[in-house]
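The structure under discussion appears below in the form of structure tokens.
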Amino acid sequence: VFRSGLTYRRGAGNVFYFRPGHETYPTYHDATVQKVLRNAVKWAHNPQGSKPAILDAPNVPVERALEPIEERGGKLHAHGEAGFR
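Per our numbering, the very first residue in the sequence shown carries number 1; after that it's consecutive.
Here it is, written out as structure tokens:
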């Protein structure tokens, strides 16, 4: 069984991806797996809550992104033009 877990920070949220194994095995009944899930929920919980509206989420240019982003392909809007809101 290949078990893996990943964590991400996206905007104001924390994301935990966990692959404990196939559901035909009693994986979720294992005490260690249950502890991992409890810890993941505690880590991912954001006491600040979510943004009240999607339009309140920050929109930053590619060069200021928290992680490297490769800009490719055509653009829907001209540089400096406001996007769909």
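Here a beta-carbon is modelled for each residue, glycine too, at the ideal position from N, C-alpha and C.
Residue from P68, V60, E67, R72 with nearest C-alpha to G80: V60
Limits of the unbroken beta strand (DSSP E) element including L6: 4-10
Check whether Q34 and A12 have beta carbons under 9 Å apart: no
Helix, strand or coil at R93 according to DSSP, with G and I counted as helix: Outside the modelled stretch of the chain, which goes from 1 to 85, sits residue 93, for which no answer is possible.
DSSP state of N14 mapped onto helix, strand, coil: strand
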